[in-house]
Amino acid sequence: MTDTNVMYPRKPKRITGRSIAVLVFLSMAAMFFCVPLYVLIVTSFKEMDQIREGAMFSLPTKWTLEAWHFAWFEACSGLNCSGLRAGFWNSVVILVPSLTASIALSMVTGYALALWDVKWAGPFLFVLFLCAFVPFQIIMYPLIRLTVTMGIYGSTTAIAFVHTVLAMPILTLIFRNFYKDIPPELIKAAIMDSGSFWRIFVEIILPMSGNILIVVLILQITSIWNDYLIGVTFGGLGTKPMTVHLANMVTVSTGTVSYNVNMAAALLTAIPPLVIYFVLGKFFVQGIAAGAIKG
Amino acid sequence: MPLRWSRITPQIALAPAVGVTLVAFLGAIGWTILMSFTRSRRLPEYEIDWDNPFRQFNRLFNDAGWQISLQNLIVLALGSALAIVVGFILAAMIERERRGEDVFRTVFLYPLAVSLIVTGVAWRWILNPQFGIESLLRGLGWESASFNWLSDPATAMYAIIIASIWQSAGFYMALMLAGLKGINTEIWSAARIDGVRLWRVYIEIIIPMMKFTFLTCAILLSLGVIKAFDIVLAMTNGGPGQSTWVPAYYTINAMSAKGNLGLASAAAVLMLLITLAVFLPLVALTSWQQRQARKGHAT
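Top line first, the protein sequences correspond to chains W and Z. When the letters of the first sequence are read in order and numbered with our numbering, they come out as residues 5 to 299. When the letters of the second sequence are read in order and numbered with our numbering, they come out as residues 1291 to 1589.
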């Protein structure tokens, strides 16, 4: 009964047979998870001659950046053969205003709903909760008409506008859940100090929002960058994001398929969110959990 | 504590969000529902077809493409449910072992950070019959190896399922890991003292205790499956034929390829109904949990 294993069963001091078995199993699972990324990487550095030999797991006999260069500068997406970089810049141009607008809108909304006396806050939150789960398809056509009426359909502005609209319910709920735990004494004191709605927001709320802001930023950057459907629906000629360019490149290809170019293009598209993931992994987990559950 | 100092400014600040909700969500949903009862084709007609208001829904259910889509929705849901099982097994192992937790969690979760279009490129390459896993295994001597799943209507769905399990298992692992860490460690000591076998502790104690985590995962998975579009587009683009169509794909296809607004609206309305059927239990669950939490505080 006094065996330490009984008292602290979660911290085995010695490596037991079971530990080794578990670690081996986990490592094998980890290898399986890495296979797609691994084949993307090795294939993108190979020459087509080596790819035709099969052996997809082998390392390149001659490492070459040609495929990467071609994917970035010359690959064709539809009739436009200026490479993936056009899509990359479109994605950046879409990302920046989408981020700013969606976060500003949901932050203020979440703050007002959490801390101010708004009579209809309860029902409104419930409606937002419902909206967060609505399938995109049911509002797609009306949004197309709306953006056409606004005169922005087919531009990066339209894509950014739709991203902002679609993210509003979920982000508002995330911010509201964060702000409602702010101690009331703090706000009471601010009111005594004759703080107005906006002054309290700028002087007290904003400086407190660091953590939640990073979580939401990561959530939004990855989801906007990885979006395909909104980009393809609301983008026009020359304004479509990187994912759409990639999809066109790998599906519509005339003549022989340059697999190494396709793999390099896929990696180029994946690199920005992957960098964020590996640098800010902890916040990423919080972000997806918040995005999935709180909504 | 709600503030009553100013009533006007907060409501003005809420105006944009209210506007977006009324126009882009509620109004848009209402508009699409209206469209589903009209004879709209390429352009909207605003008159409800009183002679036969359910014309679009009838057409939908008589369309082989929609029937395939519904079947595939169920197949995809059941197949992807494996991601929850895999996620739980991985989480349980990581939680028991502790060594290398950060590394394993990072590896299992990275597919979630990558666009599904990229996921599609990677898996299509692995399943490529000429240069992929099939030729590799044949080269190793397994002559009958066949992984040309994507070009066979009978197996293409399985390829999509494998890719989506790969993509989402880490997410369920993260949720399960959070759930497992919330479990009181004394259970383990008690079970160990009683000499209960490890797998029985999981089956009889841990899994029943985590039923809400499992339910949450199941609901999130169902919502994800209904929305599944990118992965289908990237893996098969609906093909071969219509064999991998799902409702989300059908709706987009009816709108953009067929240019049939009425039919697409009817399909979108049914997607909304399926979502609500999955979603209402989530609302019930959340409020039930909140009541439980409040009860817990009171006692």
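Don't be surprised by glycine CBs; every beta carbon is placed ideally from N, CA and C.
Three-way DSSP call (helix, strand, coil) for residue i in this model
| i | result |
| --- | --- |
| residue 20 of chain W | coil |
| residue 84 of chain W | strand |
| residue 307 of chain W | The displayed coordinates of chain W run from 5 to 299. Any statement about residue 307 of chain W would go beyond what the structure contains. |
| residue 186 of chain W | coil |
| residue 1298 of chain Z | helix |
| residue 1521 of chain Z | helix |
| residue 1421 of chain Z | coil |
| residue 1460 of chain Z | helix |
| residue 239 of chain W | strand |
| residue 1477 of chain Z | helix |
| residue 1549 of chain Z | coil |
| residue 158 of chain W | strand |
| residue 120 of chain W | strand |
| residue 6 of chain W | Residue confidence is low: residue 6 of chain W scores 41 on pLDDT, short of 50, so the model does not pin down where it sits. No coordinate-derived value is stated. |
Start-to-end residues for the alpha helix (DSSP H) that takes in residue i
| i | result |
| --- | --- |
| residue 1319 of chain Z | 1318–1326 |
| residue 1352 of chain Z | 1345–1352 |
| residue 204 of chain W | 201–204 |
| residue 1540 of chain Z | 1537–1542 |
| residue 145 of chain W | 141–154 |
| residue 1395 of chain Z | 1391–1399 |
| residue 131 of chain W | 125–135 |
| residue 263 of chain W | 263–283 |
| residue 63 of chain W | Looking at the DSSP string, residue 63 of chain W is not in any alpha helix (DSSP H), and its letter there is neither H nor E. |
| residue 214 of chain W | 214–230 |
| residue 53 of chain W | 52–56 |
| residue 70 of chain W | 70–77 |
| residue 1413 of chain Z | 1406–1416 |
| residue 251 of chain W | 246–255 |
| residue 1402 of chain Z | Per DSSP, residue 1402 of chain Z belongs to no alpha helix (DSSP H) and is neither H nor E. |
| residue 1491 of chain Z | 1488–1491 |
Any chain W beta carbon closer than 8 Å to residue i
| i | result |
| --- | --- |
| residue 1579 of chain Z | no |
| residue 1517 of chain Z | yes |
| residue 1416 of chain Z | yes |
| residue 1389 of chain Z | yes |
| residue 1340 of chain Z | no |
| residue 1425 of chain Z | yes |
| residue 1532 of chain Z | no |
| residue 1411 of chain Z | yes |
| residue 1361 of chain Z | no |
is_contact[residue i, chain Z] using C-beta, thresh 8 Å
| i | result |
| --- | --- |
| residue 32 of chain W | no |
| residue 88 of chain W | no |
| residue 252 of chain W | no |
| residue 85 of chain W | no |
| residue 266 of chain W | yes |
| residue 288 of chain W | yes |
| residue 141 of chain W | yes |
| residue 232 of chain W | yes |
| residue 2 of chain W | The structure shown has nothing for residue 2 of chain W, since chain W only spans 5 to 299. |
| residue 228 of chain W | no |
| residue 47 of chain W | yes |
| residue 193 of chain W | no |
| residue 135 of chain W | yes |
| residue 176 of chain W | yes |
CB contact below 8 Å: residue i versus chain B
| i | result |
| --- | --- |
| residue 262 of chain W | The chain inventory of the structure shown lacks chain B, comprising the protein chains W and Z. |
> For the segment 1322–1340 of chain Z against the segment 1545–1564 of chain Z, are there 3 or more C-beta pairs whose distance is under 8 Å?
Replying inline: Flag = yes, the segment 1322–1340 of chain Z and the segment 1545–1564 of chain Z touch.
> Is the number of C-beta pairs between the segment 1447–1461 of chain Z and the segment 1399–1409 of chain Z that are closer than 8 Å three or more?
Replying inline: With the cut-off at 8 Å, the segment 1447–1461 of chain Z and the segment 1399–1409 of chain Z touch.
> Should the segment 206–216 of chain W be called in touch with the segment 169–184 of chain W, which here means at least 3 C-beta pairs below 8 Å?
Replying inline: Yes, since at least three Cβ pairs between the segment 206–216 of chain W and the segment 169–184 of chain W fall closer than 8 Å, the two stretches touch.
> When the Cβ atoms of the segment 126–146 of chain W are set against those of the segment 1554–1566 of chain Z, are three or more pairs found closer than 8 Å?
Replying inline: Judged by Cβ distances under 8 Å, the segment 126–146 of chain W makes contact with the segment 1554–1566 of chain Z, as three or more pairs qualify.
> Is the number of C-beta pairs between the segment 1401–1420 of chain Z and the segment 1431–1438 of chain Z that are closer than 8 Å three or more?
Replying inline: The segment 1431–1438 of chain Z and the segment 1401–1420 of chain Z touch, with three or more beta-carbon pairs separated by less than 8 Å.
>> Does the contact criterion of 3 or more C-beta pairs under 8 Å hold for the segment 90–100 of chain W versus the segment 240–251 of chain W?
In response: Put simply, the segment 90–100 of chain W touches the segment 240–251 of chain W. At least three CB pairs are less than 8 Å apart.
> Counting pairs of beta carbons, one from the segment 1458–1473 of chain Z and one from the segment 1519–1529 of chain Z, are three or more of them closer than 8 Å?
Replying inline: In short, these stretches do not touch, since the Cβ pair count stays below three.
> Are at least three pairs of beta-carbons, each pair with one atom in the segment 1494–1504 of chain Z and one in the segment 1466–1473 of chain Z, less than 8 Å apart?
Replying inline: These segments touch.
> Do the segment 1443–1452 of chain Z and the segment 1523–1539 of chain Z meet, that is, are 3 or more Cβ pairs less than 8 Å apart?
Replying inline: When C-beta atoms of the segment 1443–1452 of chain Z are compared with those of the segment 1523–1539 of chain Z, three or more pairs fall below 8 Å, so the two segments count as touching.
> For the 8 Å Cβ check, are there 3 or more pairs between the segment 166–181 of chain W and the segment 218–238 of chain W?
Replying inline: When Cβ pairs closer than 8 Å are counted between the two stretches, the segment 166–181 of chain W is seen to touch the segment 218–238 of chain W, the count reaching three or more.
>> With a threshold of 8 Å, are at least 3 pairs of Cβ atoms found where one atom belongs to the segment 262–271 of chain W and the other to the segment 108–119 of chain W?
In response: Result no; under three Cβ-Cβ pairs closer than 8 Å.
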